[in-house]
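Participant: Attaching a single structure in C-alpha coordinates format; questions to follow.
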Amino acid sequence: MELHADIHASSPRADGGLRKALFGQHLARFTQGLLATGLVEDVAEDSVTLLAPNDVAFDGMPWSFDDLLFEERLLEVRFDFFEYAVIRGRVSAAGVRTPHLTVQGDSVRIGNQLVYGRFGASRVLRTVEC
5 MELHADIHAS SPRADGGLRK ALFGQHLARF TQGLLATGLV EDVAEDSVTL LAPNDVAFDG
65 MPWSFDDLLF EERLLEVRFD FFEYAVIRGR VSAAGVRTPH LTVQGDSVRI GNQLVYGRFG
125 ASRVLRTVEC
(Lines of atoms letter the chains of each structure in order from A and count residues from 1; the text may use other names and numbers.)
(Lines give C-alpha, C1' and ligand atoms only; values in the text may rest on other atoms or scores of the structure.)
Protein backbone atom coordinates (compact mmCIF):
# COMPACT_ATOMS: atom_id res chain seq x y z
CA MET A 1 0.00 0.00 0.00
CA GLU A 2 1.38 3.40 -0.93
CA LEU A 3 0.40 6.29 1.29
CA HIS A 4 0.65 9.61 -0.49
CA ALA A 5 1.83 11.89 2.27
CA ASP A 6 1.24 15.55 2.85
CA ILE A 7 3.79 17.01 5.23
CA HIS A 8 2.60 19.74 7.55
CA ALA A 9 5.23 21.40 9.69
CA SER A 10 3.49 23.22 12.48
CA SER A 11 4.20 25.43 15.39
CA PRO A 12 1.76 26.64 18.00
CA ARG A 13 0.30 29.94 16.79
CA ALA A 14 -2.67 31.92 17.93
CA ASP A 15 -4.05 32.27 14.39
CA GLY A 16 -4.97 28.58 14.17
CA GLY A 17 -2.57 27.80 11.29
CA LEU A 18 -2.43 24.11 12.12
CA ARG A 19 -6.20 23.87 12.40
CA LYS A 20 -6.63 25.55 9.00
CA ALA A 21 -4.12 23.19 7.39
CA LEU A 22 -5.67 20.03 8.83
CA PHE A 23 -9.25 20.92 8.01
CA GLY A 24 -8.62 22.50 4.63
CA GLN A 25 -6.37 20.06 2.75
CA HIS A 26 -8.44 16.89 2.18
CA LEU A 27 -7.18 15.61 5.52
CA ALA A 28 -10.47 15.10 7.38
CA ARG A 29 -9.83 11.41 8.05
CA PHE A 30 -6.30 12.05 9.30
CA THR A 31 -7.64 14.80 11.55
CA GLN A 32 -10.32 12.43 12.90
CA GLY A 33 -7.56 9.92 13.67
CA LEU A 34 -5.55 12.52 15.58
CA LEU A 35 -8.67 13.36 17.57
CA ALA A 36 -9.52 9.70 18.24
CA THR A 37 -6.03 9.00 19.60
CA GLY A 38 -5.68 12.23 21.57
CA LEU A 39 -2.66 13.22 19.48
CA VAL A 40 -4.26 16.47 18.35
CA GLU A 41 -3.39 18.07 21.70
CA ASP A 42 0.29 17.06 21.37
CA VAL A 43 0.40 18.31 17.80
CA ALA A 44 -1.14 21.66 18.75
CA GLU A 45 1.38 22.26 21.55
CA ASP A 46 4.66 21.32 19.84
CA SER A 47 6.45 22.08 16.62
CA VAL A 48 5.89 18.91 14.62
CA THR A 49 5.95 17.47 11.14
CA LEU A 50 2.93 15.39 10.18
CA LEU A 51 3.08 12.66 7.56
CA ALA A 52 -0.57 13.15 6.79
CA PRO A 53 -2.12 10.69 4.33
CA ASN A 54 -4.82 12.32 2.25
CA ASP A 55 -8.36 11.00 2.63
CA VAL A 56 -8.14 8.72 -0.42
CA ALA A 57 -5.12 6.87 1.01
CA PHE A 58 -7.27 5.36 3.76
CA ASP A 59 -9.41 3.54 1.18
CA GLY A 60 -6.51 1.12 0.56
CA MET A 61 -6.44 -0.17 4.14
CA PRO A 62 -7.53 -3.73 4.96
CA TRP A 63 -10.35 -2.45 7.21
CA SER A 64 -12.83 0.39 6.98
CA PHE A 65 -11.82 3.78 8.32
CA ASP A 66 -14.66 3.68 10.87
CA ASP A 67 -13.39 0.32 12.13
CA LEU A 68 -9.89 1.77 12.46
CA LEU A 69 -11.20 4.60 14.62
CA PHE A 70 -13.74 2.78 16.76
CA GLU A 71 -13.13 -0.98 16.88
CA GLU A 72 -11.54 -2.13 20.15
CA ARG A 73 -9.68 -4.92 18.30
CA LEU A 74 -7.86 -2.24 16.26
CA LEU A 75 -6.84 -0.07 19.23
CA GLU A 76 -3.14 -0.94 18.96
CA VAL A 77 -3.18 -0.55 15.17
CA ARG A 78 -4.91 2.83 15.49
CA PHE A 79 -2.29 4.25 17.87
CA ASP A 80 0.57 2.65 15.95
CA PHE A 81 -0.60 4.17 12.67
CA PHE A 82 -1.25 7.71 13.88
CA GLU A 83 1.81 7.90 16.16
CA TYR A 84 3.87 6.82 13.14
CA ALA A 85 2.63 9.94 11.32
CA VAL A 86 4.03 12.44 13.85
CA ILE A 87 7.66 13.62 13.99
CA ARG A 88 8.73 16.13 16.63
CA GLY A 89 10.26 19.26 15.05
CA ARG A 90 10.28 20.64 11.52
CA VAL A 91 11.47 18.48 8.64
CA SER A 92 11.95 19.66 5.05
CA ALA A 93 10.64 17.51 2.21
CA ALA A 94 13.12 19.09 -0.20
CA GLY A 95 16.33 18.16 1.59
CA VAL A 96 18.51 15.10 1.79
CA ARG A 97 17.08 11.79 2.94
CA THR A 98 18.07 11.96 6.58
CA PRO A 99 16.42 9.70 9.18
CA HIS A 100 13.87 11.12 11.61
CA LEU A 101 12.25 9.34 14.55
CA THR A 102 8.45 9.22 14.73
CA VAL A 103 6.51 9.44 17.99
CA GLN A 104 5.72 5.74 17.50
CA GLY A 105 9.46 4.95 17.49
CA ASP A 106 10.16 4.02 13.86
CA SER A 107 12.66 5.85 11.71
CA VAL A 108 11.62 7.47 8.42
CA ARG A 109 13.70 9.22 5.79
CA ILE A 110 12.31 12.34 4.20
CA GLY A 111 13.77 14.11 1.21
CA ASN A 112 13.54 14.80 -2.52
CA GLN A 113 9.73 15.03 -2.18
CA LEU A 114 9.54 11.42 -0.93
CA VAL A 115 9.02 9.74 2.42
CA TYR A 116 10.75 6.38 2.92
CA GLY A 117 9.46 4.28 5.79
CA ARG A 118 7.84 1.02 6.69
CA PHE A 119 5.14 1.51 4.05
CA GLY A 120 7.74 1.91 1.31
CA ALA A 121 8.15 5.17 -0.58
CA SER A 122 5.38 7.77 -0.59
CA ARG A 123 5.23 10.91 -2.65
CA VAL A 124 4.91 14.25 -0.92
CA LEU A 125 1.95 15.84 -2.65
CA ARG A 126 1.99 19.10 -0.77
CA THR A 127 3.99 20.83 1.94
CA VAL A 128 2.23 23.37 4.12
CA GLU A 129 4.08 25.52 6.64
CA CYS A 130 1.95 26.70 9.56
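Numbering-wise (the numbering used here), the sequence shown opens with residue 5 and increments by one. The beta carbon of each residue, even a glycine, is placed where N, CA and C say it ideally should be.
Which runs of the alpha helix (DSSP H), 4 residues or longer, sit entirely within the region 19-105?
Facilitator: 21-27, 32-41, 43-49, 69-74, 79-88
Participant: Let me know the secondary structure DSSP gives valine 107 once reduced to three states.
Facilitator: coil
Participant: I'd like to check one pair, arginine 92 with aspartate 163: are the Cβ atoms closer than 9 Å?
Facilitator: Residue 163 lies beyond the residue range present for the chain, which begins at 5 and ends at 134; the question has no answer from this structure.
Participant: To the nearest angstrom, how far is the alpha carbon of alanine 40 from that of phenylalanine 85?
Facilitator: 12 Å
Participant: Could you compute how far the alpha carbon of glutamate 80 sits from the alpha carbon of threonine 35?
Facilitator: 18 Å
Participant: Roughly how many whole angstroms lie between the Cα atoms of threonine 106 and tyrosine 88?
Facilitator: 5 Å
Participant: If you run the structure through DSSP and keep just helix, strand and coil, what is aspartate 10?
Facilitator: Low confidence applies here, because aspartate 10 scores a pLDDT of 46, under 50, leaving its location unreliable; read the following figure in that light. Note: aspartate 10 maps to strand in three-state DSSP.
Participant: In angstroms, rounded to a whole number, what distance separates the CA positions of leucine 78 and arginine 127?
Facilitator: Distance between the alpha carbons of leucine 78 and arginine 127: 26 Å.
Participant: Exposed or buried, what is threonine 102 when buried is set at 16 or more other beta-carbons lying within 10 Å of its beta-carbon?
Facilitator: exposed
Participant: According to DSSP, which residues form a beta bridge with arginine 127?
Facilitator: Leu118
Participant: If we ignore side chains and look at the alpha-carbon of each, how far apart do isoleucine 114 and alanine 56 end up?
Facilitator: 13 Å
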